[in-house]
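Take a look at the structure set out below.
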Amino acid sequence: WLKSDFRPGPSTSLPDMGGDGGFGKGGFGDKGKGKGKKGKGKGKGKGKQEEKQWTPMTKLGRLVNDGKITCLEDIYLHSLPIKEPEIIDHFYPPGSLKDEVLKIHPVQKMTSAGQTNRFVCYVLVGDTNGHIGLGSKCAKEVATAIRGGIIAAKINLIPVRRGFWGNRIGLPHTVPMKVHGKCGSVRARLIPAPRGSGIVGSPVMKKMMAFAGISDCFTCSCGHTRTTANFAKATFEALKATYGYLTPDLWKPTNHVKSPFQEWSDYLAQSKQAATY
-14 WLKSDFRPGP STSLPDMGGD GGFGKGGFGD KGKGKGKKGK GKGKGKGKQE EKQWTPMTKL
46 GRLVNDGKIT CLEDIYLHSL PIKEPEIIDH FYPPGSLKDE VLKIHPVQKM TSAGQTNRFV
106 CYVLVGDTNG HIGLGSKCAK EVATAIRGGI IAAKINLIPV RRGFWGNRIG LPHTVPMKVH
166 GKCGSVRARL IPAPRGSGIV GSPVMKKMMA FAGISDCFTC SCGHTRTTAN FAKATFEALK
226 ATYGYLTPDL WKPTNHVKSP FQEWSDYLAQ SKQAATY
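When we follow our numbering, the leftmost residue of the sequence shown carries the number -14, and every step to the right adds one.
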């Protein structure tokens, strides 16, 4: 029950582990835990660990790894679910996809042995050029939660549509229309703004807009926006809604193309590895 980083202060009274009566349900036996060395050392000069070769587990992963899908937009066009974070890493060279921890907070659960503490981590990833992802992970250690949050955020990467305020001059700089998202009691609304306005919003909103590649935007929110997690999720839902509108410039006849799974069905059948039991 004692954590490794726990330091009893002068006023902290520790229970007597042995002696009379024990504690409630049969006392605190060590049950074989924490004894002996676990052999974590890797010897001298461990150096850099070699990166493991990615072995795709899904059909989409196999097509990406074999170079049959060359663009991330092909995946979004056919709404193919991304189940492996390595698919995102394949399209972005190291260092081009930025990630940042939005919030880490502890949560507790009451058990018969006392309280168990865990940490929830919310991570934001983006390429500052029209793609953003938000993920969360709960784990016993902060480092594990951050790693899991980055993986979850990469899997949840979405495209963000950008547009103009007024005339179409230069590159897209704001959201193309008014959009809104909600999570819990939080409501977030994004409104197009003229070039040079900047992001009119809270620090979390500014960070998310920067990761999505939006430079000008008016924002409006209500609810308990101090809850960073719900506020970030509501903003994420609003950004996701930018591709949910069929605007007049998209009314042209659609040239339907085959889904990658249909186009490369013969290749997938041939390259499928036989299951080994």
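Yeah, the Cβ is synthetic: ideal placement off N, Cα and C, and Gly gets one too.
Predicted model only: the values in this text are computed from it and were never measured.
Original post:
Under a Cβ-count criterion, where at least 16 other Cβ atoms within 10 Å of its own Cβ denotes burial, should H209 be classed as buried or exposed?
Top reply: Locating residue 209 in the sequence shown gives position 224, where the first residue counts as 1. Exposed, since its Cβ has fewer than 16 Cβ neighbours within 10 Å.
**OP:** Could you tell me the distance, in whole angstroms, from the CA atom of S250 to the CA atom of D201?
**Re:** Locating residue 250 in the sequence shown gives position 265, where the first residue counts as 1. Locating residue 201 in the sequence shown gives position 216, where the first residue counts as 1. If I take the Cα positions, the gap works out to 44 angstroms.
**OP:** Mind the definition here: the region 166 to 184 touches the region 96 to 106 only if three or more C-beta pairs lie below 8 angstroms; say whether that holds.
**Re:** Because the criterion of three Cβ pairs below 8 angstroms is not met, the region 166 to 184 and the region 96 to 106 do not touch.
Subject >> Sub-7 angstroms separation of L82 and V108 beta-carbons >> reply: Taking the sequence shown and counting its residues from 1, one reaches residue 82 at position 97. Taking the sequence shown and counting its residues from 1, one reaches residue 108 at position 123. Contact flag unset, no.
**OP:** May I ask you to report which of helix, strand or coil DSSP gives R103?
**Re:** Residue 103 sits at position 118 when you count from the first residue of the sequence shown. Correct three-state label for R103: strand.
Original post:
Near H241, which residues of its chain fall below 6 angstroms by C-beta distance, leaving aside the five closest residues on each side in sequence?
Top reply: Locating residue 241 in the sequence shown gives position 256, where the first residue counts as 1. Same-chain partners within the cutoff: there are none.
**OP:** Give a yes or no on whether the C-beta atoms belonging to V142 and V160 are separated by under 7 angstroms.
**Re:** The residue you call residue 142 lines up with position 157 of the sequence shown. The residue you call residue 160 lines up with position 175 of the sequence shown. At residue 142 the sequence reads Leu, which differs from the Val that was named. No, these two residues do not count as a Cβ contact at 7 angstroms.
**OP:** Might you give, ordered along the chain, the residues of its own chain that have their beta carbon closer than 6 angstroms to the beta carbon of C123, omitting 5 neighbours on each side?
**Re:** In the sequence shown, residue 123 corresponds to position 138, counting from 1. Cβ neighbours of C123 within its own chain (closer than 6 angstroms, five residues either side excluded): R103, V105.
**OP:** Spatial neighbours of H165 within its chain, please: CB distance less than 6 angstroms, with the 5 preceding and 5 following residues excluded, ordered by chain position.
**Re:** In the sequence shown, the residue the question calls residue 165 occupies position 180. Hits under 6 angstroms: R174, A223.
Subject >> Expected contact under 8 angstroms - CB spacing of E69 and G52 to nearest Å >> reply: Within the sequence shown, the letter at position 84 stands for residue 69. Within the sequence shown, the letter at position 67 stands for residue 52. Contact check for E69 and G52: beta-carbon distance about 16 angstroms, past the 8 angstroms limit, so the pair fails to qualify.
Original post:
If you count every other CB in all the chains shown that lies within 10 Å of the CB of D112, and 16 or more means buried, which is it?
Top reply: For this step, residue 112 is matched to residue 127 along the sequence shown. Buried is the call here.
**OP:** With a 10 Å radius around its C-beta and 16 neighbouring C-beta atoms as the bar for buried, classify V49 as buried or exposed.
**Re:** Stepping through the sequence shown from its first residue, residue 49 is reached at position 64. Buried, since its Cβ has 16 or more Cβ neighbours within 10 Å.
Original post:
Is the beta carbon of T213 less than 7 angstroms from the beta carbon of V185?
Top reply: On the sequence shown, residue 213 is found 228 positions in, with the first residue counted as 1. On the sequence shown, residue 185 is found 200 positions in, with the first residue counted as 1. Cβ atoms of T213 and V185: not closer than 7 angstroms.
Original post:
If you compare alpha carbons, which of Q247, I73, L62, K163 is closest to I117?
Top reply: Start at 1 with the first residue of the sequence shown, and residue 117 comes out as number 132. With distances taken between Cα atoms, I117 lies closest to I73.
**OP:** Quickly, what does DSSP pair S97 with across the bridge? List them, please.
**Re:** Position 112 of the sequence shown, counted from the start, is the residue given in the question as residue 97. In the DSSP output, where bridge partners are listed per residue, S97 has none listed.
Subject >> Within the region 173 to 235, ranges of the beta strand (DSSP E) (whole runs, at least 3 residues) >> reply: The beta strand (DSSP E) runs lying completely inside the region 173 to 235 and spanning 3 residues or more are 202 to 207, given in chain order.
Original post:
In terms of residue numbering, what span does the alpha helix (DSSP H) encompassing G118 cover?
Top reply: What you label residue 118 is simply residue 133 of the sequence shown in a count that begins at 1. Run containing G118: none in the alpha helix (DSSP H); it sits in the beta strand (DSSP E), 116 to 124.
Subject >> Sequence-distant residues of the same chain with beta carbon closer than 6 angstroms to D5, five excluded per side >> reply: For this step, residue 5 is matched to residue 20 along the sequence shown. Any reading at D5 must be qualified, since the residue scores a pLDDT of 49, below 50, and its modelled position is unreliable; the value itself is stated next. Correct list: empty, nothing qualifies.
**OP:** Provide the residue(s) that pair with P91 in DSSP beta bridges, ordered along the chain.
**Re:** What you label residue 91 is simply residue 106 of the sequence shown in a count that begins at 1. DSSP output for P91 lists F104 as bridge partner(s).
Subject >> V86 versus F196, V171, T204, residue with shortest Cα-Cα distance >> reply: In the sequence shown, the residue the question calls residue 86 occupies position 101. Out of F196, V171, T204, F196 has the C-alpha closest to the C-alpha of V86.
Original post:
Helix, strand or coil: how does DSSP classify T159 here?
Top reply: Within the sequence shown, numbered from 1, the residue matching residue 159 stands at position 174. It is a strand residue.
Original post:
Contact check, N114 vs G169 under 8 angstroms by CB: the rounded distance?
Top reply: The sequence position of residue 114 within the sequence shown is 129, counting from 1. The sequence position of residue 169 within the sequence shown is 184, counting from 1. With a Cβ gap of about 30 angstroms, N114 and G169 do not count as contacting.
**OP:** Identify whether H165 lies in helix, strand or coil by the three-state DSSP scheme.
**Re:** The residue labelled residue 165 in the question sits at position 180 within the sequence shown. Note: H165 maps to strand in three-state DSSP.
Original post:
Going along the chain, which residues of its own chain have a beta-carbon closer than 6 angstroms to the beta-carbon of S244, five neighbours each way excluded?
Top reply: Position 259 of the sequence shown holds residue 244. Taken in chain order, the residues that qualify are H63.
Subject >> Status (buried if at least 16 other CB within 10 Å, exposed otherwise) for M193 >> reply: The sequence position of residue 193 within the sequence shown is 208, counting from 1. Burial is judged here by how many other beta carbons sit within 10 angstroms of a residue's own beta carbon; M193 has at least 16 and is buried.
**OP:** Please name the residue in I54, T40, W39, D59 whose C-alpha comes closest to that of Y252.
**Re:** Here residue 252 is taken as the residue at index 267 of the sequence shown, counted from 1. When the alpha-carbon of Y252 is set against those of I54, T40, W39, D59, the nearest one is in I54.
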